[in-house]
Amino acid sequence: MWKLAMDGKDQELRTVFADTLNALIDENKKIFVMDADLAGASKFGKVQKAHPENFLNMGISEANMMCAAAGMSMRGYVPFVHTFAPFVARRSLDQIFLSGAYAKNTINIYGSDPGVCVAANGGTHTSFEDVAIMRTIPEAMVFDPADGAQLAWLIRELVPYTGVHYIRANRKNTVNIYEEGSTFTIGKGNIIREGSDVLLIAMGEVLHDAIGAAEELAAEGISVEVVDMFTVKPLDSELILKEAAGKKLVVTFENHSIIGGLGGAVAEVMAEGGCGVRLKRLGVNDQFGQVGTLSYLKGAFGLTQENCVKTIKENL
-2 MWKLAMDGKD QELRTVFADT LNALIDENKK IFVMDADLAG ASKFGKVQKA
48 HPENFLNMGI SEANMMCAAA GMSMRGYVPF VHTFAPFVAR RSLDQIFLSG
98 AYAKNTINIY GSDPGVCVAA NGGTHTSFED VAIMRTIPEA MVFDPADGAQ
148 LAWLIRELVP YTGVHYIRAN RKNTVNIYEE GSTFTIGKGN IIREGSDVLL
198 IAMGEVLHDA IGAAEELAAE GISVEVVDMF TVKPLDSELI LKEAAGKKLV
248 VTFENHSIIG GLGGAVAEVM AEGGCGVRLK RLGVNDQFGQ VGTLSYLKGA
298 FGLTQENCVK TIKENL
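End of the sequence shown sits at 313 in my numbering; the numbers just go up one at a time, nothing left out.
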């Protein structure tokens, strides 16, 4: 079970990833970690130091890394690999698709700094399309965890699963949403806050903003239900249709393009389910990335609590 954190603190997700992998390798020597010459940026260097026999730096060779991970899977290992999000979905897609998913091999992928989390690395490293791309791979799973507690649980949970698993997550500090030790269910959304007027479905980097928007609107008499949809695929279609029923509006909120991401996935479910409730997708509107701080970029692309409040008011 999960519980909401009340401390208001934050946590560096790359450190959570590395520390969790080190703990897992202590328990299971079949876990193998690879990085595409970013072990300092990802903190996977901590794994290299603690377990050098379970780590390999593949260099700036992301596609080759995916093939090598598939080969490790064929030999009975459980590979976890890291590179920046655009180098997963754009540069390595064919290898993930064929050597990974099609060949029934396991590759657990950490695509770091998705969307506006890329900050000063700029437009070339901005990935607003990775969810749209990765969710089209047959049988692949796609996740956007919101904080360290959820990320640590997910890494451990995926160890016995086979197949391609894509985790998009910030590298740096993210506000704690859940208490340490919380548990979840793959493919199931979490109702963070009950509400009767609006269903607000969010994930990852903007979940904290969604919760803040719901609290702000509650003070104005607008009741907003907030759902954390950390699993984009498989999507919790049953929860979406059940919780949308009787609402005046459904809003999706994501650090991703509104094309093919969480908003697109929810739209498909609502259309096929005959939901009959208006949907507004709040995310990046068919744009390229740019250079800036995280706070600047969230403002530039409208991924803020303030814009979420404004959007809900305008569409009610």
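Note that beta-carbon positions come from the ideal geometry of N, C-alpha and C, so glycine has one too.
Asked, Found
"Host beta strand (DSSP E) of residue 279 (start-end)", "276 to 281"
"CA nearest to the CA of residue 107, picked from 240, 85, 184, 6", "85"
"Segments assigned beta strand (DSSP E), at least 3 residues, entirely inside the segment 154 to 191", "161 to 166, 170 to 172, 187 to 190"
"Exposure label - residue 239; buried when at least 16 CB within 10 Å", "exposed"
"Neighbourhood of residue 7 by C-beta, 7 Å cutoff - its chain only, sequence neighbours within 5 removed", "170, 171, 172, 173"
"Reduced DSSP category for residue 288 - H, G, I as helix; E, B as strand; rest coil", "coil"
"Residue 231 in three-state terms, based on DSSP", "coil"
"Contact check, residue 18 vs residue 152, beta carbons under 8 Å", "yes"
"Exposure label - residue 285; buried when at least 16 CB within 10 Å", "exposed"
"Meets three-Cβ-pair contact criterion under 8 Å: the segment 130 to 137 and the segment 67 to 74", "no"
"C-beta atoms of residue 139 and residue 163 nearer than 8 Å", "yes"
"Environment of residue 87 [buried if 16+ CB atoms lie within 10 Å]", "exposed"
"Backbone CA spacing between residue 198 and residue 241 [nearest angstrom]", "10 Å"
"Cβ-based burial, residue 243 [other Cβ within 10 Å; buried from 16]", "exposed"
"Reference residue 51; option with closest CA among 310, 37, 24", "24"
"Ranges of the alpha helix (DSSP H) found wholly within the segment 51 to 87, counting only runs of at least 4", "59 to 71, 82 to 86"
"Member of 103, 54, 266, 180 whose CA lies at the smallest distance from the CA of residue 27", "103"
"Contacting residues, own chain, Cβ-Cβ under 7 Å from residue 67 (five flanking each side not counted)", "96, 97, 100, 102, 104"
"7 Å CB neighbourhood of residue 13 in its chain, flanking five on each side removed", "145, 148, 149"
"Anticipated Cβ contact below 8 Å, residue 315 with residue 201, distance rounded", "The requested residue 315 does not occur in the structure, where the chain is confined to residues -2 to 313."
"Spatially closest choice to residue 35 from 48, 80, 154, by CA coordinates", "80"
"Contact under 8 Å by Cβ, residue 113 with residue 259", "no"
"Among 266, 15, 188, the one whose alpha carbon lies nearest that of residue 234", "266"
"Cα-Cα separation between residue 124 and residue 118, rounded to whole angstroms", "11 Å"
"Reference residue 94, options 121, 288, 130, closest by Cα", "130"
"Proximity of residue 211 and residue 221 at Cβ, strictly below 8 Å", "yes"
"Any alpha helix (DSSP H) of 4 or more consecutive residues that is wholly inside the segment 205 to 271", "234 to 241, 259 to 269"
"Test item: CB-CB of residue 338 and residue 115 under 8 Å", "Since the displayed the chain opens at -2 and closes at 313, residue 338 lies outside it and no answer follows."
"Buried or exposed (CB count within 10 angstroms, at least 16 for buried), residue 59", "buried"
"Separation of residue 261 from residue 40, as counted between CA atoms", "33 Å"
"Entirely enclosed alpha helix (DSSP H) segments - the segment 19 to 49, minimum 4 residues", "36 to 39, 42 to 47"
"C-beta contact flag for residue 249 and residue 275 at 8 Å", "no"
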